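J.: For the sequence shown, our numbering assigns the number 58 to the initial residue and increments by one for each residue that follows. Heads up, the beta-carbon is just placed ideally off N, CA and C, and yes, glycines get one too. Note that this is a predicted model, so its numbers are computed, not measured.
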Amino acid sequence: MIILDGKKTSNDIKEEIADEVKSIIFSGGRIPHLSAILVGNDGASETYVNAKVKACEKVGFKSTLIRLPNSVTEKELLLEVEKINNNQNIDGLIVQLPLPNHLDEMKVTEAIDPKKDVDGFHPSNIGRMCLNLPTYLPATPSGILELLKRYEVNTSGKHCVVIGRSHIVGSPMSILMARNSFPGNCTVTLTHSRTENLKEITKSADILIVALGKSEFINSDMIKEGVCIIDVGITRVKSDKTKSGWKLLGDVNFEDVKNKCSYITPVPGGVGPMTIAMLLQNTLISAKGEIF
Ligand code: NAD
Numbered sequence: 058m059i060i061l062d063g064k065k066t067s068n069d070i071k072e073e074i075a076d077e078v079k080s081i082i083f084s085g086g087r088i089p090h091l092s093a094i095l096v097g098n099d100g101a102s103e104t105y106v107n108a109k110v111k112a113c114e115k116v117g118f119k120s121t122l123i124r125l126p127n128s129v130t131e132k133e134l135l136l137e138v139e140k141i142n143n144n145q146n147i148d149g150l151i152v153q154l155p156l157p158n159h160l161d162e163m164k165v166t167e168a169i170d171p172k173k174d175v176d177g178f179h180p181s182n183i184g185r186m187c188l189n190l191p192t193y194l195p196a197t198p199s200g201i202l203e204l205l206k207r208y209e210v211n212t213s214g215k216h217c218v219v220i221g222r223s224h225i226v227g228s229p230m231s232i233l234m235a236r237n238s239f240p241g242n243c244t245v246t247l248t249h250s251r252t253e254n255l256k257e258i259t260k261s262a263d264i265l266i267v268a269l270g271k272s273e274f275i276n277s278d279m280i281k282e283g284v285c286i287i288d289v290g291i292t293r294v295k296s297d298k299t300k301s302g303w304k305l306l307g308d309v310n311f312e313d314v315k316n317k318c319s320y321i322t323p324v325p326g327g328v329g330p331m332t333i334a335m336l337l338q339n340t341l342i343s344a345k346g347e348i349f
């Protein structure tokens, strides 16, 4: 069994990006700049945004974190987005999700200039992805592709089963794994909460991508020998064994499945760090004007 080490791979990618930033500066160019909007003070969102800001520092990007109160109106938030859209010195804008209930996430996402939509969530960028046109790929699926690519996992002709149909992970992942490219060329089955006989389907997977948000949902009875498992899930549970009092669990029971699979991503240290690396990658692509 080979561990698909997202921590190491993401550090490699960050070093590559940092080198590019140095050469941009050396040739007199402008430093890439990512802006993030955080509404309210949800603990998990705060952690994710801080990790993104810290990653920017690590590769030499500029970053701006705009904190807005929970009570911000949709109009005020949209104005903030427009300001960043019009700021020629900012290459990428992310609005940390989820937003409080009174704010329409799709309306806010649509307000972001697709040229700065480095999360790859804007409908026009999702459309470009479906048409296989150059675009910012959503960071989590893109990080999974990068892991499969760098570990040279053979995907062509394989049966890829994706669990979960969210707009940010499962649905784009299913489209990307079916594309005529590497990684890709899979026969894809997209499963969700209404899928019947899930176990029969997962048992036929050569590549199993699990993104449903239920800790340790997948066990060794549900997989076949030699499967490649990508565990996207992150659930925070209480623990008396860690200093923080919390630990992170994936959607896969790692200990139970590890001897039956060919490759597996750990949690933590698998898909999570790759997501941030790909966000930085998209910001660099934007700064270099490589797509738009
Ligand atoms: P979500 O929470 O929006 O949706 C869950 C999906 O799982 C739904 O499509 C639902 O139909 C499906 N589902 C629920 N129960 C099911 C069942 N019993 N059988 C089959 N399908 C079922 O999904 P999300 O936002 O993609 O998040 C999924 C998990 O991935 C969460 O734990 C989240 O924290 C994690 N996540 C991790 C990263 C990362 O960078 N590692 C990024 C995004 C999300």
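Nearer than 7 Å: is that true of the beta carbon of Val289 relative to any heavy atom of ligand 1?
T.: The residue labelled residue 289 in the question sits at position 232 within the sequence shown. Checking the Cβ of Val289 against ligand 1 gives yes.
J.: Are there any heavy atoms of ligand 1 lying less than 7 Å away from the beta-carbon of Lys271, as far as the coordinates show?
T.: Counting from one through the sequence shown, the residue named residue 271 turns up at place 214. The answer is yes for Lys271.
J.: Is any non-hydrogen atom of ligand 1 found closer than 7 Å to the C-beta of Gly100, if you look at the structure I gave you?
T.: As a working mapping, residue 100 is identified with position 43 in the sequence shown. False, no ligand heavy atom lies under 7 Å from that Cβ.
J.: In terms of alpha-carbon separation, which member of Thr340, Arg222, Ser181 lies closest to Ala75?
T.: Taking the first residue of the sequence shown as position 1, residue 75 is located at position 18. Ala75 has its Cα closest to that of Thr340, out of Thr340, Arg222, Ser181.
J.: According to the Cβ coordinates, are Asn276 and Val314 closer than 8 Å?
T.: The residue given as residue 276 occupies position 219 in the sequence shown. The residue given as residue 314 occupies position 257 in the sequence shown. Yes; because the gap between Cβ atoms is below 8 Å, this pair is in contact.
J.: Do Pro229 and Pro195 come within 8 Å of each other at the CB atom, strictly closer than that value?
T.: Looking up residue 195 in the sequence shown gives position 138. Looking up residue 229 in the sequence shown gives position 172. In this structure, Pro229 lies closer than 8 Å to Pro195 by Cβ.
J.: For the beta strand (DSSP E) that Val314 lies in, which residues bound it at each end?
T.: On the sequence shown, position 257 is the one that residue 314 refers to. Taken as a continuous stretch (DSSP letters only), Val314 belongs to no beta strand (DSSP E), being part of the alpha helix (DSSP H) at 311-314.
J.: Can you tell me whether Val267 is buried or exposed, with buried defined as 16 or more other CB within 10 angstroms of its CB?
T.: Locating residue 267 in the sequence shown gives position 210, counting from the first residue. So Val267 ends up on the buried side.
J.: Check whether the Cβ of Ile220 lies closer than 7 Å to any heavy atom of ligand 1, and answer yes or no.
T.: Taking the first residue of the sequence shown as position 1, residue 220 is located at position 163. Yes, since a heavy atom of ligand 1 falls inside the 7 Å radius drawn around the Cβ of Ile220.
J.: Spell out the partners DSSP gives Ala93 in its beta bridges.
T.: As a working note, residue 93 is residue 36 in the sequence shown. Paired residue(s): Leu122, Ile151.
J.: Please report the straight-line C-alpha distance between Lys304 and Gly85, rounded to a whole angstrom.
T.: Taking the sequence shown and counting its residues from 1, the one referred to as residue 304 is at position 247. Taking the sequence shown and counting its residues from 1, the one referred to as residue 85 is at position 28. Cα to Cα, the separation comes out at about 44 Å.
J.: Below 8 Å on the Cβ atoms is my guess for Ile258 versus Thr246; work out the distance and round it to an integer in Å.
T.: Position 201 of the sequence shown, counting from 1, holds the residue named residue 258. Position 189 of the sequence shown, counting from 1, holds the residue named residue 246. Indeed, because the Cβ distance is near 6 Å, the residues count as touching under 8 Å.
J.: Quick check: is any heavy atom of ligand 1 less than 7 Å from the C-beta of Gly329?
T.: Here residue 329 corresponds to residue number 272 of the sequence shown, with the count starting at 1. For ligand 1, at least one heavy atom lies less than 7 Å from the Cβ of Gly329.
J.: Can you list, in chain order, the residues of its chain with a C-beta nearer than 8 Å to that of Leu95? Leave out the 5 residues immediately preceding and following it.
T.: Within the sequence shown, residue 95 is the residue found at index 38, counting from 1. Hits under 8 Å: Ser102, Glu103, Val106, Leu122, Ile123, Arg124, Leu125, Gln153.
J.: Which whole runs of the alpha helix (DSSP H) in the region 159-202 are 4 residues long or more, in chain order?
T.: Those alpha helix (DSSP H) runs which fall completely within the region 159-202 and span 4+ residues are 162-168, 180-187.
J.: The beta strand (DSSP E) that contains Val106, what's its start and end?
T.: Indexing the sequence shown from 1 puts residue 106 at position 49. No beta strand (DSSP E) contains Val106, which is instead part of the alpha helix (DSSP H) from 100-116.
J.: For Ser301, does the count of other Cβ atoms within 10 angstroms reach 16, so buried, or fall short, so exposed?
T.: Taking the sequence shown and counting its residues from 1, one reaches residue 301 at position 244. Ser301 should be labelled exposed.
J.: Going by DSSP, what residue range makes up the alpha helix (DSSP H) through Lys256?
T.: One-based indexing of the sequence shown puts residue 256 at position 199. Counting along the chain, the alpha helix (DSSP H) containing Lys256 begins and ends at 255-259.
J.: Return yes when at least one heavy atom of ligand 1 lies under 7 Å from the C-beta of Gly227, else no.
T.: Within the sequence shown, residue 227 is the residue found at index 170, counting from 1. Correct: Gly227 has its Cβ closer than 7 Å to ligand 1.
J.: So, under 8 Å CB-CB, Phe118 and Leu337 are touching, yes? Tell me the CB distance rounded to an integer number of Å.
T.: The sequence position of residue 118 within the sequence shown is 61, counting from 1. The sequence position of residue 337 within the sequence shown is 280, counting from 1. Confirmed, about 7 Å.
J.: By Cβ distance below 6 Å, which residues in the same chain neighbour Cys231 in space, the five residues on each side in sequence not counted?
T.: Working through the sequence shown from its first residue, we reach residue 231 at position 174. Residue 231 is actually Ser in this sequence, not Cys. The answer, listed in chain order, is Val219, Val245, Leu247.
J.: Which one or two residues does DSSP pair with Arg251 in a beta bridge?
T.: On the sequence shown, residue 251 is found 194 positions in, with the first residue counted as 1. Paired residues: none, contrary to the question.
J.: Given 7 Å as the limit, tell me if Ala268 has its C-beta closer than that to any heavy atom belonging to ligand 1.
T.: If you number the sequence shown from 1, residue 268 lands on position 211. For ligand 1, at least one heavy atom lies less than 7 Å from the Cβ of Ala268.
J.: Taking 8 Å as the cut-off, decide whether the C-beta atoms of Gly307 and Val324 are in contact.
T.: As a first step, residue 307 is located in the sequence shown; it is residue number 250 there, counting from the start. As a first step, residue 324 is located in the sequence shown; it is residue number 267 there, counting from the start. Yes. Within cutoff.
J.: Under the assumption that Thr166 contacts Ile348 (Cβ atoms under 8 Å), give the Cβ distance between them as a whole number of angstroms.
T.: To locate residue 166, count along the sequence shown from 1; it is residue 109. To locate residue 348, count along the sequence shown from 1; it is residue 291. Not confirmed; about 18 Å, so no contact.
J.: Please classify Leu188: is it buried, with 16 or more other beta-carbons within 10 angstroms of its beta-carbon, or exposed?
T.: Sequence index remark: in the sequence shown, residue 188 carries index 131 (1-based). Exposed, because fewer than 16 other Cβ atoms sit within 10 Å of the Cβ of Leu188.
J.: Leaving out five residues on either side along the sequence, give the residues of the same chain with a beta carbon under 7 Å from the beta carbon of Val129.
T.: On the sequence shown, residue 129 is found 72 positions in, with the first residue counted as 1. Contacts found: Val96.
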